[in-house]
Amino acid sequence: MSLFGRIFLLNTAVLCAATALLLFAPITVSTPVLSNELLVLVLGLIAVLIADAALLRVGLAPVKRLMRTMTSVDLLRRGPRPVAEGPGDVAELITTFNDMLDRLEAARDFSAARALSVQEAERRRVAQELHDEVGQSLTAVLLGLKRVSDQVPEPARTELAAVQETTRTTLDEIRRIARHLRPGVLEELGLTSALKDLVAEFAELAAHSGVAVRGRFEPGPDQLPDDVELVVYRVAQEALTNAVRHAGAERVTLTLRTADDGIELRVRDDGRGMGTAEEGAGMTGMRERALLVGATLTVDSAPGSGTEVRLWFPLEDTGEHR
1060 MSLFGRIFLL NTAVLCAATA LLLFAPITVS TPVLSNELLV LVLGLIAVLI
1110 ADAALLRVGL APVKRLMRTM TSVDLLRRGP RPVAEGPGDV AELITTFNDM
1160 LDRLEAARDF SAARALSVQE AERRRVAQEL HDEVGQSLTA VLLGLKRVSD
1210 QVPEPARTEL AAVQETTRTT LDEIRRIARH LRPGVLEELG LTSALKDLVA
1260 EFAELAAHSG VAVRGRFEPG PDQLPDDVEL VVYRVAQEAL TNAVRHAGAE
1310 RVTLTLRTAD DGIELRVRDD GRGMGTAEEG AGMTGMRERA LLVGATLTVD
1360 SAPGSGTEVR LWFPLEDTGE HR
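For the sequence shown, position 72 (counting from the first letter as 1) is numbered 1131 according to the working numbering, and the numbering increases by one without interruption.
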């Protein structure tokens, strides 16, 4: 039965009951209406409205459930679909809503995959140019400064040495940025070695601010798909960046653990927590990356209790991720 027919029949039943009550009840209405008769009519009308409201609430309950689901849907967090149950039109509406969510998620995955692919390609291009063009140019500058410093008097030689040191520091920073953009160690030595190198890099950068960065690593699977390793690495990179720069933490710990059914990455800090702050572009990017490979990303945070980012990738779905 359609939703219209269901509501029509419910209202018809209420009105028929009210009509039968007026026909067979020992009630008369005077002209003009007496006060006791008016009271009976008002009470009868209230009873009819209450019965009608109760029946409509029952009839529209599936629609209310669907509305609650609509308000809680987040395309970055996959959740269970509402069950297509209820009258014919309601079940069809729920089925159409589920189909719409499937289409939206497929379109989101496709567009996010293209965007992230373009982003990684641009990262590789910039890293290559930094290494080949800027790095080589600064190396040539260093060699030129060294030749000049051997031919000038001592006072100028001291100033040239300071310039050499600044140039050398700049060259090291450019190489660090290039590694950050394109993790060559991930391609050459695998995920665990790349994460160890990442932790060491952040530990060195955060040492001057009093933040201790530590890593705990368990033996992982021999080989993961390249896109899965890249997602785990990028999530770890973004989570460490947030913890070191924004959390106000004293200790940050990265843990890579492998279970029988999946691989887990955790980045935990003892900072001030996210509180009521909205998730930024970095967190959104992590969620998009996780969804692309069928992983689950959760963020647990409370004011004053730190933040924990957890990425879980089921190993049994290694060949099934998108």
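C-beta atoms are modelled at their ideal positions from N, C-alpha and C, and glycine is treated no differently. It should be emphasised that the depicted structure is a prediction, and the values quoted were computed from it without experimental measurement.
Taking buried to mean at least 16 other C-beta atoms within 10 Å of its own C-beta, is residue i buried or exposed?
| i | result |
| --- | --- |
| Gly1378 | Because Gly1378 sits at a pLDDT of 43, beneath the cut-off of 50, its placement in the model cannot be relied upon, and the point is left open. |
| Gly1269 | exposed |
| Pro1214 | exposed |
| Thr1155 | exposed |
| Phe1067 | exposed |
| Val1352 | buried |
| Met1159 | exposed |
I need the straight-line Cα distance from residue i to residue j, nearest angstrom please.
| i | j | result |
| --- | --- | --- |
| Asp1113 | Val1122 | The amino acid occupying residue 1113 in the given sequence is Ala; Asp does not appear at that position. Their Cα atoms are separated by approximately 15 angstroms. |
| Ala1110 | Ala1361 | 46 angstroms |
| Thr1225 | Phe1261 | 22 angstroms |
| His1267 | His1305 | 15 angstroms |
| Leu1299 | Val1358 | 13 angstroms |
| Arg1241 | Val1117 | 58 angstroms |
| Glu1181 | Glu1192 | 16 angstroms |
| Glu1263 | Ala1308 | 15 angstroms |
| Leu1152 | Thr1355 | 29 angstroms |
| Asp1286 | Glu1188 | 23 angstroms |
DSSP state of residue i, grouped into three classes?
| i | result |
| --- | --- |
| Ala1174 | helix |
| Leu1283 | coil |
| Asp1191 | helix |
| Gly1307 | coil |
| Leu1316 | Residue identity check: residue 1316 is Arg in the sequence provided, not Leu. Here Arg1316 sits in strand by DSSP. |
| Val1408 | Residue 1408 is absent from the structure shown; the chain starts at 1060 and stops at 1381. |
Smallest Cα separation from residue i: which of the options?
| i | options | result |
| --- | --- | --- |
| Ser1252 | Tyr1292, Ala1215, Ala1237 | Tyr1292 |
| Ser1364 | Ala1340, Leu1257, Arg1327 | Arg1327 |
| Gly1330 | Gly1353, Thr1343, Asn1301, Ala1354 | Asn1301 |
| Arg1227 | Gly1194, Asp1209, Leu1254 | Gly1194 |
| Ala1295 | Glu1277, Lys1255, Pro1139 | Lys1255 |
| Glu1247 | Arg1167, Leu1080, Leu1289, Ala1174 | Leu1289 |
| Arg1140 | Asn1157, Thr1229, Ala1150, Ser1176 | Asn1157 |
Does at least one heavy atom of the ligand ATP sit under 6 angstroms from the Cβ of residue i?
| i | result |
| --- | --- |
| Asp1161 | This structure does not include the ligand ATP; it has no bound ligands of any sort. |
- Item | Cβ contact check for the stretch 1270-1284 and the stretch 1301-1320: 3 or more pairs under 8 angstroms | The stretch 1301-1320 and the stretch 1270-1284 touch, with three or more beta-carbon pairs separated by less than 8 angstroms.
- Evaluate contact between the stretch 1231-1239 and the stretch 1202-1210, counting only Cβ atoms and requiring at least three cross-stretch pairs below 8 angstroms. The stretch 1202-1210 and the stretch 1231-1239 do not touch, with fewer than three beta-carbon pairs separated by less than 8 angstroms.
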